[in-house]
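What follows is one structure encoded as structure tokens, with my remarks underneath.
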Amino acid sequence: MKVTLRELTAPQRGAVAVVEVCGEDAARFVVELSGKPPPPPGQFALRNLRTSQGLLDEALVVTRSDGVVELHLHGGESLVAQLFALAPSGAAPSAPMQALIAARTDSAARIALDQHLGVDEVLPSEPVLRERLRCWQRLSTPARILLSGPVNAGKSTLFTALVGSERALVSPLPGTTRDLVREEARLGPWPVLLIDSAGLRATNESVEQAGQERVRELLAEGGTQIDWVLWVDPRADGGRNAPPGAVWIRSQSDSSAANAVQALEQPEQARARIRALFEASFALPSEPWQPGSFVPLSESDLRRALDSGKVRARS
């Protein structure tokens, strides 16, 4: 039997799963499942799908105008797997569709959808494609950002402003944050994983010492990977104490300097300044989505594009 199944909805548990049935034997496949042919194009029919083991599911059968049949099932993962096992060939969601399902921001979703639908762009030069892949990797994998600095410097206040909610406990008392607090957020189109840390200071309290030791591990070479460190320090000379490679954020400051923030009084301005510093640090565009542009979503995509012979020579 020449038929191919393809799941159109996210391959996860849900209320509804939509499976596309295509190929010259698509109608026959539906007849074997339901005992009846598919409805005419553009029409719907409620059918009981059966196997040799008995009733599989009650499904809505839809025939599209192009002759392809869709089965709208209940969304259990086991149920969909049983249906796929009945077909001689099935297909997992394409890589762009998987990227669309996993997209964390609007820009990532739009890029993935463009690749899924297909683009007509003449492929640009190899350096341009490599740059697009680099930007896509920032869109698809959140950058890990550590907020570090002296105690009571405003790290948790900045963390809360960036997250947009009261996720971290904020207090004027030193030592409030005693362990790492993690939360996903966005800096414009860029997904990030923010890590709020205990302030670095001398202390005799074991819980706080453990939190500060964890920060030192993160900052030390060979520790858990951190993509960007924000050294939050309100002092005018606070940048002198920042670890190598860290970006000094002068907190609690109403200065017009690019690194100055008033996260409590002006959270939107704080978010905008951190986003600008992030994009400058990683040489990222303010808007990564360009409608209709080809974007390699993996090294394999890039290699296929380069091997296609359609890539422009570097000018």
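FYI, in the working numbering the residues of the sequence shown are 1358 to 1672. For each residue, glycine too, the CB sits at the ideal point set by N, CA and C.
Buried/exposed call for residue i, threshold 16 Cβ in 10 Å
i	result
F1401	exposed
M1454	buried
G1580	Note that G1580 scores a pLDDT of 46, beneath 50, so its modelled location is shaky; the value from the coordinates is reported in the next line. Exposed, because fewer than 16 other Cβ atoms sit within 10 Å of the Cβ of G1580.
P1548	buried
L1403	exposed
V1564	Bear in mind that a pLDDT of 39 at V1564, under 50, signals an unreliable position, so the number given afterwards is only what the model happens to contain. Exposed.
G1666	exposed
G1475	exposed
E1315	This structure does not reach residue 1315, given that the chain is present from 1358 up to 1672, and the question cannot be answered.
G1521	exposed
A1372	exposed
A1603	buried
S1482	exposed
S1505	buried
A1670	exposed
L1654	buried
D1477	exposed
Host beta strand (DSSP E) of residue i (start-end)
i	result
D1553	W1547 to D1553
I1458	Premise fails: I1458 lies in the alpha helix (DSSP H), A1452 to A1459, not in any beta strand (DSSP E).
T1361	T1361 to E1364
W1605	V1604 to I1606
L1587	W1585 to V1589
A1416	G1411 to T1420
A1542	V1538 to L1544
Rounded straight-line distance, which links the Cα of residue j to that of residue i
i	j	result
E1540	T1517	10 Å
I1631	W1585	11 Å
L1634	Q1472	29 Å
A1374	S1513	42 Å
D1423	P1398	8 Å
G1392	I1583	58 Å
A1525	R1461	Caution applies to A1525, whose pLDDT of 44 falls short of 50 and renders its modelled position unreliable; the value that the coordinates give is listed next. If I take the Cα positions, the gap works out to 22 Å.
V1668	S1451	23 Å
P1484	L1659	11 Å
R1661	R1628	38 Å
V1426	Q1623	54 Å
A1593	G1545	28 Å
A1617	R1501	21 Å
V1479	A1442	40 Å
A1384	G1433	24 Å
P1600	W1588	8 Å
L1551	L1519	8 Å
V1418	T1408	16 Å
L1362	V1437	10 Å
L1428	Q1609	58 Å
L1515	I1606	10 Å
L1530	N1509	Confidence at L1530 is low in this model, with a pLDDT of 46, below 50, so its placement is unreliable and the value that follows should be read with caution. Cα-Cα distance, rounded: 7 Å.
L1663	L1486	9 Å
Span of the alpha helix (DSSP H) around residue i
i	result
V1376	V1376 -> not in any alpha helix (DSSP H); beta strand (DSSP E) instead, spanning V1373 to C1379.
S1391	A1383 to S1391
S1464	D1463 to L1474
S1505	Note, S1505: premise wrong, no alpha helix (DSSP H); beta strand (DSSP E) at A1500 to S1505.
A1510	Careful: A1510 lies outside any alpha helix (DSSP H) and carries neither H nor E.
A1438	E1434 to A1442
R1628	P1624 to S1638
A1599	Taken as a continuous stretch (DSSP letters only), A1599 belongs to no alpha helix (DSSP H), as it is neither H nor E.
R1661	E1656 to D1664
Whole-number beta carbon distance between residue j and residue i, since they are thought to touch under 8 Å
i	j	result
V1376	L1430	7 Å
L1496	S1464	6 Å
A1615	G1511	Contact doesn't hold; Cβ gap of about 17 Å is too wide.
CB contact below 9 Å: residue i versus chain C
i	result
W1588	This model lacks chain C altogether, as it is built from one protein chain only.
Closest Cα partner of residue i within the set the options
i	options	result
P1396	G1411, T1420 and S1610	T1420
V1538	V1508, L1544, Q1623 and L1503	L1503
P1507	D1477, L1413 and G1596	G1596
L1440	F1386, E1625 and A1469	F1386
D1611	P1600, A1603, Q1626 and N1598	Q1626
M1358	A1372, T1366 and E1381	E1381
P1648	L1470, S1409, T1361 and E1389	L1470
Q1494	A1670, L1641, L1428 and A1637	L1641
A1542	S1554, A1510 and P1499	P1499
P1645	E1656, V1378, Q1410 and E1488	E1488
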